[in-house]
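Asker: Before we start, here is the structure in question, set down as structure tokens.
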Amino acid sequence: MKTEIYKLTLGTPEKFVPSRFAPAQKVPVREISAKDAPEIKFSVSRRGCRIVFPLSQTARIYGFGLQLKAFNHRGNKITCRVNADPRSASGDSHAPVPFFVTDEGWGMYVDTARNAVFQCGSELNTGSAANEPENGESRVMNSTGELYAARTSASSVMTIEIPVAEGADLYFFRGERIVDIVSAYNMLSGGGCMPPMWGLGNFYRCCGQFGEDQVLETAAQFRSLALPCDILGLEPGWQSRSYSCSYVWSERFPHHREMLKKLTGQGFHVNLWEHAFVNPASPVHDSLVPYSGDYLVWNGLVPDFSLDEASDIFAGYHKELCDEGIRRLVIPGLRRISFRNGRGTVSPPFRHALLPDDNEGSR
């Protein structure tokens, strides 16, 4: 059975959605209308929009991006929200994705950048009597685990809530195997690229206080001991300012071009660690001011990379680093986006920041 993809538009979808930034689709997609899927119920309220459709009693649900706290999400409430330090199976993740698959030959992608909520197996009020024994008393539960354990019923449904939005595009996938459905989703998203084999090799990152002499000494030790190492990384201290970042070489690397040539000659692929919060000392700071949010992080700008202007400025400058011999960049930004204790210098402005082009930080 060939994997099939169907697109259903409900209500009025938002313009700022992930598919807006995806490469051209590499797989055929058939558009359908609401009358082709009468089992899907759609409504809009002041909260946003809600999508409800039935689940079988045996369906298992997998996905939602990088989820380290649960595997089968049946019975869970999943909120697709960025969080560097999730402590439970809530959906919080470094990389949440509003896409899931089932073990029954189908999956779904919801095209939204909002913190969508998926109730994976709610019990719908159908107006009929509850499935309770006619005689006798119910059994007393003695633990919270037993009391709140996931249950299934004939009226189980998937409920999807998208805050603020008045509609969304749904993509349905049908295929024989989960791997086929996931592959089709990857191709729908543009297909990605094949990483170089050295990118899967051993990676060592030098101490953040090292200068170029110490970096070269470390590299020489690896080779003299015949220790396999493909990628040699430099902590943010390679820059004159961090954090926020200047993307300018520190005085501890006065001959960084020569250093890079030596490391390349020894078979290393050099990696730089940084992030996208732009320090006032950066050569690209002033150019990025018009394309950044209304809050600072560590006194640095937060560029809106959904804008071509911001992406071109940032990428154009980094091309110069790559031309010097840099082969890999790590650009994280989630270290303090944490809901574990409610504290952090990054997460508060990220949630309510306003960005150019009428975008919000939560998206």
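Residue numbers (the numbering used here): 3 to 365.
All residues carry an ideal CB built from backbone N, CA and C; glycine is no exception.
1) Which ranges does the beta strand (DSSP E) cover as unbroken runs of at least 3 residues, wholly within the segment 29–81, from first to last along the chain?
2) Helix, strand or coil: which one does DSSP assign to Val-112?
3) For Asp-288, count neighbouring C-beta atoms within 10 Å of its own C-beta (all shown protein chains included) and say buried if the count is 16 or more, exposed if not.
4) Can you tell me where the alpha helix (DSSP H) holding Phe-279 begins and where it ends?
5) Under 8 Å: do the segment 99–106 and the segment 5–19 share three or more Cβ pairs, one atom per stretch?
6) Which one of Phe-175, Val-166 and Leu-236 has the shortest CA to CA distance from Arg-52?
7) If you drop the 5 nearest sequence neighbours on each side, which residues of the same chain put their C-beta closer than 7 Å to that of Arg-243?
8) Examine the Cβ distances between the segment 200–212 and the segment 34–42 and report whether three or more of them are shorter than 8 Å.
9) Three-state secondary structure (DSSP) at Thr-347?
10) Identify the continuous alpha helix (DSSP H) that holds Cys-324 and give its terminal residues.
11) Go ahead and pull the three-state DSSP assignment for Trp-200.
12) If contact is defined by three or more beta carbon pairs under 8 Å, each pair taking one atom from either stretch, is the segment 62–74 in contact with the segment 217–231?
13) According to DSSP, is Arg-365 helix, strand or coil?
14) Which of the three DSSP states is assigned to Gly-169 in this structure?
15) Can you tell me whether Asn-85 is buried or exposed? The criterion is at least 16 other CB atoms within 10 Å of its CB, across all chains shown.
16) Please state whether DSSP places Tyr-8 in a helix, a strand or coil.
17) May I ask you to report which of helix, strand or coil DSSP gives Leu-236?
18) Using only the alpha-carbon positions, how far apart do Gly-193 and Arg-22 sit?
19) Give the secondary structure of Val-19 by DSSP, where H, G and I count as helix, E and B as strand, and everything else as coil.
20) Smallest Cα separation from Asn-127: which of Lys-79, Val-54, Val-217 and Gln-69?
21) By DSSP's criteria, Cys-208 is part of a beta bridge. Which residues make up the other side?
22) What is the DSSP secondary structure of Gln-216, counted as helix, strand or coil?
23) Round the Cβ separation of Gly-210 and Pro-256 to the nearest angstrom and send it over; I've been treating them as touching at under 8 Å.
24) Among Met-261, Ser-185 and Asp-325, which residue has its Cα nearest to the Cα of Lys-28?
25) Straight-line CA distance for Leu-265 to Val-31?
Answerer: So, from the listed chains and residues:
1) 32–34, 43–47, 50–56, 63–67 and 79–81
2) strand
3) exposed
4) Here Phe-279 belongs to no alpha helix (DSSP H), and DSSP marks it neither H nor E.
5) no
6) Val-166
7) Asn-281 and Ala-283
8) no
9) Confidence is the limiting factor: at Thr-347 the pLDDT is only 47, short of 50, which leaves the residue's position unreliable, though a coordinate-based value still follows. Looking at Thr-347 - three-state DSSP - the assignment turns out to be coil, as it is neither helix nor strand.
10) 310–326
11) helix
12) no
13) coil
14) strand
15) buried
16) strand
17) strand
18) 15 Å
19) coil
20) Val-54
21) Paired residue(s): none; Cys-208 is not in a bridge.
22) helix
23) 18 Å between Cβ atoms; not a contact.
24) Ser-185
25) 47 Å
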